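Undergrad: Before I ask anything, let me first share the structure, which is written out below as structure tokens.
Next up, the structure:
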């Protein structure tokens with residue numbers, strides 16, 4: 075006698091507590107304090123830029139994505155992160171366009187969630203950097219009147235902006251690169267320097283990332299490996315020639331390294347699946363970042379380092395396959 | 072030497088054992104009908120030697136072992152053979168089975184000894200008696216015990232490992248066997264040690280069963296080298312390879328047997344059964360089954376005649392609740408769901424778990440986000456993420472190259488997958504496809 079009430083499903087019949095939606099929305103939650111800090115420093119501009127970038131991400135996902143794709147939260151993360159990498163004074167339509175590009179070209183053309191080889195937020199930023207180099211390198215000074223806009227946020231496309239309205243300054247990395255001027259590490263940690271929206275306050279990013287790592291929502295090996303490599307490599311350079319090369323603490327806390335290492339490089343989709351692979355991936359990012367910052371034409375190199383290493387992920391995965399239980403170790407130990 | 076290193080990876084599902092852990096084993100009344108499939112062990116199905124209308128007594132042999140990896144089947148209750156034909160099998164299909172209408176007026180009393188005393192036997196005769204009693208492993212796979220008692224050529228067994236982990240959630244049959252019949256477990260260990268000529272036995276019990284550890288230690292015989300080890304809890308520690316790793320820190324070679332590292336693993340319930348058949352003189356015709364889950368009204372640990380229909384068993388436990396939604400035979404991690412309540416309990420049925428609507432695994436999945444959690448859970452260090460994507464594109468050949476055959480379908484990867492991708496189900500299907508490909512090639 076077959077009972078019509080009964081289901082027949084495959085084993086296992088139990089499901090662990092983790093779900094993709096939980097992971098994604100926890101990442102979203104963990105970004106909010108960083109955004110909050112940015113708003114504290116840069117006022118309504120920081121709020122508006124991130125909202126515009128996020129809206130730009132949501133639109134294509136809703137139009138062309140899977141049904142119900144908005145509810146998985148991954149595209150909100152892309153939007154928030156993209157917004158955090160932009161200068162607070164950028165025109166909102168640019169932020170929106172960047173978001174649209176991130177999701178439409180960076181993610182959906184590859185097949186949506188889980189299919190994109192490159193971090194979509196960084197791809198969007200790279201697109202903006204290539205399209206609007208001036209807007210992407212105009213950094214307002216933090217502080218001042220909280221309510222004032224930090225640039226011509228409401229500029230319209232094809233109109234010339236009016237950057238003279240706001241006080242701008244070079245970023246610490248720019249100062250280092252072009253004027254050989256250092257910046258106090260304490261200022262970097264607290265976010266008292268010019269930079270992108272989310273470069274404010276490295277300490278907040280560290281704390282939020284620590285929470286995600288504790289919940290196993292990000293693989294701590296990636297940031298650990300990046301920080302270690304950057305510290306060791308730049309430390310070595312600094313030892314050799316202290317006048318020419320920045321010290322490791324400056325390297326760690328300046329620019330987009332914190333945000334990049336903790337939030338961009340750890341994007342599960344575009345980082346290796348093996349733990350050994352994550353160490354290698356992080357080391358590659360750290361190494362390239364120091365190389366670009368030190369000898370490249372740009373003051374900052376985190377974005378291109380991550381994108382470059384993203385491209386190597388399939389190769390890293392293939393060469394770090396785990397050794398199967400009970401399999402004989404290869405003679406050269408490279409199994 | 073004991074290392075207690077604990078195998079790596081694995082998962083920690085909630086164990087749900089409190090439903091039945093404290094309930095002593097009791098006997099269930101004889102049902103009005105028992106149905107004994109000819110195939111209820113690993114290996115070749117038994118050959119039927121009765122026909123409809125024959126009268127059988129409890130313990131009579133009704134099917135002969137057909138070949139070396141096969142065991143006979145015995146009537147689990149006295150009565151009349153009603154039919155020999157196809158019947159719903161717990162594996163989901165229909166298979167040949169012997170149906171017996173149980174004599175309602177029979178006392179079902181134990182008769183004279185059918186199996187000789189064990190201490191009168193030696194070597195091959197002892198092994199033959201084990202086979203003749205129809206003894207198989209009771210941990211689920213139902214592998215004929217007599218085959219295990221003869222180590223493969225060129226291998227010597229130094230250590231007998233007794234598996235008392237019972238790492239599957241819900242199940243408490245091994246637990247209660249150790250608490251209620253510890254002497255029997257020790258006698259079984261003694262018989263096995265004599266058969267194999269081993270000097271050392273290790274009993275691995277997960278530490279969430281302190282009473283079992285206690286009872287097994289109390290009753291351990293002083294003249295044998297039997298060590299009781301309490302192991303940290305982690306699924307799937309009850310898998311042979313994982314248990315050997317935890318206890319002895321040895322890795323069974325990929326594709327190999329525990330005998331390759333000088334070990335034989337037998338589950339506690341199976342060991343107790345070896346002792347039981349020699350104690351009672353009756354062959355394997357009943358076993359302990361845990362009937363549990365929030366979908367069952369009165370969870371219990373019962374001694375059940377083999378061949379009892381699952382429906383009758385559930386009735387004996389007060390029936391199902393209104394929100395019962397799925398019946399799983401065995402544990403929830405590796406057990407198979409059935410919908411046909413006419414399927415009988417077989418020698419390999421460890422438990423019947425009835426899940427309610429809210430406990431059934433959700434069916435909605437999301438794309439893989441390559442989080443790597445499956446790699447971190449796989450106890451044999453496979454890459455389920457890669458295997459899953461290969462399975463999706465039907466690349467069975469590539470899957471076997473990526474060690475599909477090392478997968479033991481423990482379900483850890485599916486359990487942790489945040490996108491709820493049914494990985495182990497895909498691997499089960501791929502293994503079947505691979506077998507078909509190999510047969511065709």
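Residue numbers (this note's numbering), protein chains in the order written: chain H, 75 to 409; chain V, 72 to 512.
For glycine and all other residues, C-beta sits at the position ideal for the given N, C-alpha and C.
Since this is a predicted model, take the numbers as computed values, not measurements.
Give the straight-line distance between the Cα atoms of residue 167 (chain V) and residue 295 (chain V), rounded to the nearest whole angstrom.
TA: Residue 167 (chain V) and residue 295 (chain V): Cα-Cα distance of roughly 43 Å.
Undergrad: CA-CA distance, residue 349 (chain V) and residue 105 (chain V)?
TA: Looking at the two C-alpha atoms, the distance is approximately 24 Å.
Undergrad: How is residue 220 (chain V) classed by DSSP in three states: helix, strand or coil?
TA: Coil at residue 220 (chain V), not helix or strand.
Undergrad: Within 10 Å of its beta-carbon, does residue 394 (chain V) have 16 or more other beta-carbons around it, so buried, or fewer, so exposed?
TA: With fewer than 16 Cβ atoms within 10 Å of its Cβ, residue 394 (chain V) is classed as exposed.
Undergrad: State the start and end residues of the unbroken beta strand (DSSP E) segment that holds residue 358 (chain V).
TA: From DSSP, the beta strand (DSSP E) with residue 358 (chain V) extends over 357 to 363.
Undergrad: So, does the CB of residue 490 (chain V) fall closer than 8 Å to a CB anywhere in chain H?
TA: So, interface residue.
Undergrad: Buried or exposed: where does residue 293 (chain V) fall if 16 or more other Cβ atoms within 10 Å of its Cβ makes it buried?
TA: That one is exposed.
Undergrad: Check whether the segment 264 to 283 of chain H touches the segment 427 to 434 of chain V, counting contact only when three or more Cβ pairs, one atom from each stretch, lie closer than 8 Å.
TA: Cβ pair count under 8 Å is below three, so no.
Undergrad: At a cut of 8 Å, does the segment 355 to 366 of chain H reach the segment 296 to 315 of chain H through at least three beta carbon pairs?
TA: A contact exists between the segment 355 to 366 of chain H and the segment 296 to 315 of chain H.
Undergrad: Name the one or two DSSP bridge partners that residue 234 (chain V) has.
TA: V:275, V:338, per the DSSP bridge assignment.
Undergrad: Shorter than 8 Å from the beta carbon of residue 404 (chain V) to some beta carbon of chain H?
TA: Judged by the 8 Å Cβ criterion, residue 404 (chain V) is in contact with chain H.
Undergrad: How many Å lie between residue 214 (chain H) and residue 164 (chain H) at the Cα?
TA: Rounded to whole angstroms, residue 214 (chain H) to residue 164 (chain H) spans 10 Å at the Cα level.
Undergrad: With a cut-off of 8 Å, does the C-beta of residue 88 (chain H) fall near any C-beta of chain V?
TA: Answer yes: the Cβ-Cβ gap between residue 88 (chain H) and chain V drops below 8 Å somewhere.
Undergrad: How many angstroms separate the CA atom of residue 506 (chain V) from the CA atom of residue 214 (chain V)?
TA: Distance between the alpha carbons of residue 506 (chain V) and residue 214 (chain V) is about 20 Å.
Undergrad: How would you label residue 435 (chain V), buried or exposed, when you count the other beta carbons within 10 angstroms and need 16 or more for buried?
TA: With fewer than 16 Cβ atoms within 10 Å of its Cβ, residue 435 (chain V) is classed as exposed.
Undergrad: Where does residue 228 (chain V) sit, in a helix, a strand or coil, going by DSSP?
TA: If DSSP states are grouped into helix, strand and coil, residue 228 (chain V) belongs with coil.
Undergrad: Are any of the Cβ atoms in chain V nearer than 8 Å to that of residue 308 (chain H)?
TA: Judged by the 8 Å Cβ criterion, residue 308 (chain H) is not in contact with chain V.
Undergrad: Does the beta carbon of residue 186 (chain H) sit closer than 8 Å to a beta carbon anywhere in chain V?
TA: Residue 186 (chain H) counts as touching chain V.
Undergrad: Just the C-alpha distance for residue 203 (chain H) and residue 360 (chain H), rounded to the nearest angstrom, thanks.
TA: Taking the straight line from one Cα to the other gives about 21 Å.
Undergrad: Residue 188 (chain V): which of V:178, V:199, V:179, V:339 sits nearest, CA to CA?
TA: Closest option to residue 188 (chain V), Cα to Cα, is V:199.
Undergrad: Give the single residue among H:132, H:366, H:392 whose Cα lies nearest to the Cα of residue 382 (chain H).
TA: Residue H:366 is the option with its Cα nearest to residue 382 (chain H).
Undergrad: With a threshold of 8 Å between beta carbons, is residue 295 (chain H) in contact with chain V?
TA: Chain V, which has no Cβ nearer than 8 Å to the Cβ of residue 295 (chain H), makes this no.
Undergrad: Mapping the DSSP letters down to three states, classify residue 324 (chain V) as helix, strand or coil.
TA: Reduced to three states, the DSSP call for residue 324 (chain V) is coil.
Undergrad: Using a Cβ-Cβ distance under 8 Å, would residue 396 (chain H) count as near chain V?
TA: Closer than 8 Å: yes.
Undergrad: Name, in chain order, the residues that DSSP records as bridge partners for residue 303 (chain V).
TA: Bridge partners of residue 303 (chain V): none, in fact.
Undergrad: Starting from residue 391 (chain H), trace the alpha helix (DSSP H) both ways and give me its first and last residue.
TA: Start and end: 376 to 393.
Undergrad: Compare the C-beta of residue 88 (chain V) with all C-beta atoms of chain H and state if any pair is closer than 8 Å.
TA: No - not a single Cβ of chain H is within 8 Å of the one on residue 88 (chain V).
Undergrad: Considering only the alpha carbon of each residue, which of H:317, H:255, H:141, H:292 lies closest to residue 337 (chain H)?
TA: Answer by Cα proximity: H:292.
Undergrad: Determine, using beta carbons only, whether residue 329 (chain V) and residue 81 (chain V) come nearer to each other than 8 Å.
TA: Contact flag unset, no.
Undergrad: Any beta-carbon of chain V closer than 8 Å to the one on residue 340 (chain H)?
TA: No, no contact with chain V.
Undergrad: Hey, could you find the ends of the alpha helix (DSSP H) residue 171 (chain V) is sitting in?
TA: Element bounds for residue 171 (chain V): not the alpha helix (DSSP H) but the beta strand (DSSP E), 165 to 173.
Undergrad: Would you mind sorting residue 422 (chain V) into buried or exposed? The rule is 16 or more other CB atoms within 10 Å of its CB.
TA: Per the 10 Å Cβ criterion, buried.
Undergrad: Under the three-state reduction of DSSP, which class applies to residue 404 (chain H): helix, strand or coil?
TA: Residue placement at residue 404 (chain H) is flagged as unreliable, the pLDDT there being 47, under the threshold of 50; a coordinate-derived value is accordingly withheld.
Undergrad: Please name the residue, chosen from V:128, V:333, V:256, that lies closest to residue 225 (chain V) on a Cα-to-Cα basis.
TA: Here the closest residue by C-alpha is V:333.
Undergrad: In the DSSP assignment, find the unbroken alpha helix (DSSP H) run with residue 41 (chain H) in it and report its ends.
TA: This structure leaves residue 41 (chain H) out entirely; chain H is present only between 75 and 409.
Undergrad: Which residues, taken in chain order from the segment 343 to 362 of chain H, show a beta carbon closer than 9 Å to some beta carbon of chain V?
TA: Residues passing the 9 Å Cβ filter: 343, 344, 345, 346, 347, 348, 349, 351, 352.
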